[in-house]
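K.L.:
Numbering (the working numbering), first residue to last: 11 to 309.
Every residue gets a Cβ at the ideal spot worked out from N, C-alpha and C, and that includes glycine.
Computed from a predicted structure; not experimentally measured.
Quick one: structure below, then a few questions.
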Amino acid sequence: MFNESLCNSSGILNIIYLIKTALNIIKIAAPIILLVMCMIDVVKMIVRAEVKVGDLIKKIINRALAAVLIFFAIPLINTGMSLLGNHTSLQLSKCWTNAEKETIASLKVSEDKAAREEEENMTKTRNEEKEQKRKDALNLRTGISFKSSTSDNGGIMYEGTPIGVIDGTCVNTGRPYASGVDIGAEIIKEANSYVGKIPYDWGGTSLETGVDCSGFTQQILLKFGAQIPRVSDAQGGVGQRIESIADAKPGDIIVYPGHVGFYAGNNQLLAAIDDANDLGYQKANYAPIITIRRIICNG
Numbered sequence: 011m012f013n014e015s016l017c018n019s020s021g022i023l024n025i026i027y028l029i030k031t032a033l034n035i036i037k038i039a040a041p042i043i044l045l046v047m048c049m050i051d052v053v054k055m056i057v058r059a060e061v062k063v064g065d066l067i068k069k070i071i072n073r074a075l076a077a078v079l080i081f082f083a084i085p086l087i088n089t090g091m092s093l094l095g096n097h098t099s100l101q102l103s104k105c106w107t108n109a110e111k112e113t114i115a116s117l118k119v120s121e122d123k124a125a126r127e128e129e130e131n132m133t134k135t136r137n138e139e140k141e142q143k144r145k146d147a148l149n150l151r152t153g154i155s156f157k158s159s160t161s162d163n164g165g166i167m168y169e170g171t172p173i174g175v176i177d178g179t180c181v182n183t184g185r186p187y188a189s190g191v192d193i194g195a196e197i198i199k200e201a202n203s204y205v206g207k208i209p210y211d212w213g214g215t216s217l218e219t220g221v222d223c224s225g226f227t228q229q230i231l232l233k234f235g236a237q238i239p240r241v242s243d244a245q246g247g248v249g250q251r252i253e254s255i256a257d258a259k260p261g262d263i264i265v266y267p268g269h270v271g272f273y274a275g276n277n278q279l280l281a282a283i284d285d286a287n288d289l290g291y292q293k294a295n296y297a298p299i300i301t302i303r304r305i306i307c308n309g
């Protein structure tokens, strides 16, 4: 019985495979070289009169016989090795017979394994890149914490990196409020703390010197660790879409043509209104609503 592991463990298969490959190359190359040399001798015999024809013919015959011998010697070696008995401890005959088949199969397995590993690595890399893009899009980062502030307005402050909000989902900012605390109510409370204290400022984004409507919503939500776009139209494209004002909760933002503010409940909108009214309240249905969005979903 063929002991395949013995050949493999002894390195016999690889050595014999190299020998057989070399013999096959010699089988083709040596006769060609010898026949070319014969042709050169024939040309010499034709063009050079001083060459002894008898000696040249003898040389040609010898080279031709050598070419034939080499060509047929390799198959004879293969046949002889295959006919050897299996009485040696290394079972040389079987090793010789199976060397090429087993080595090529081994190489194929190695190539297939390498191809599978490369594909798995590529798939893993693609999945990691996809996951990283998702995380980058959501900007999910840890380390956000909130604490009481002694600022002029007495509002909250956060420490850490804000979460970027994308379309289709609200975000959980990881605030450490006690269980059951309504985050929406906290947003309205914080926003209300600026009413009567800072003016409306078109293009403004400062909760100290003045804000416009979208600057107001952006900066208040930023204090809660949520990052949204600067202008109202873009703010209407992020967060969880709320179907109607009946489903809206305090802290959601309502986007109108050229305006945005916080829904405060009871059909009230808390917003930076205009130069005449600064920050304050207005009816939530004062104008056609484009969209309602929930930015922070933890409550």
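1. So, for Val248: in the same chain, excluding its five sequence neighbours on each side, which residues have a beta-carbon less than 8 Å away from its beta-carbon?
2. Taking the alpha helix (DSSP H) that Asp243 belongs to, which residues open and close that run?
3. Could you tell me the alpha carbon to alpha carbon distance between Leu100 and Ile43, rounded to whole angstroms?
4. For Ile306, which of helix, strand or coil comes out of DSSP?
5. Using the three-state DSSP reduction, which class does Lys293 fall into: helix, strand or coil?
6. In this structure, does DSSP put Gly225 in helix, strand or coil?
7. Mapping the DSSP letters down to three states, classify Ala256 as helix, strand or coil.
8. Do you know whose CA, among Thr215, Ile283, Cys307, Gly213, lies nearest Phe234's CA?
9. Residues in its own chain within less than 6 Å of Ala274 by CB, not counting five upstream and five downstream?
10. Between the Cα of Ile255 and those of Gly290, Asp243, Ile299, Asp288, spot the shortest distance and give me the residue it belongs to.
11. Is the beta carbon of Tyr210 closer than 7 Å to that of Asp262?
12. Leaving out five residues before and five after Asp222 in sequence, what residues of the same chain have Cβ atoms less than 7 Å from its Cβ?
13. Tell me whether Leu348 sits in a helix, a strand or coil according to DSSP, three-state version.
P.N.:
Per the coordinate set shown:
1. Cβ neighbours of Val248 within its own chain (closer than 8 Å, five residues either side excluded): Val175, Ile176, Asp177, Ile238, Pro239, Arg303, Ile305.
2. Here the alpha helix (DSSP H) through Asp243 covers 242–245.
3. Interpretation of Leu100 is limited by its pLDDT of 41, a score under 50 that renders its predicted location unreliable; the figure taken from the coordinates is listed afterwards. So the alpha carbons of these two residues sit roughly 36 Å apart.
4. Strand at Ile306.
5. For Lys293, the three-state secondary structure derived from DSSP is strand.
6. Of the three classes helix, strand and coil, the one that applies to Gly225 here is helix, per DSSP.
7. Look at Ala256 here: in three-state DSSP terms it is helix.
8. Measuring from the Cα of Phe234, the nearest candidate turns out to be Cys307.
9. Once the five neighbours on either side are set aside, the close Cβ partners of Ala274 are Ile198, Pro260, Leu280.
10. It is Ile299.
11. No, Cβ-Cβ distance for Asp262 and Tyr210 is not below 7 Å.
12. The residues Tyr210, Asp211, Trp212, Gly213, Gly214, Ala282, in chain order, have a CB closer than 7 Å to that of Asp222 in the same chain once the five nearest residues on each side in sequence are set aside.
13. The shown model of the chain, from 11 to 309, leaves out residue 348, and the question about it has no answer.
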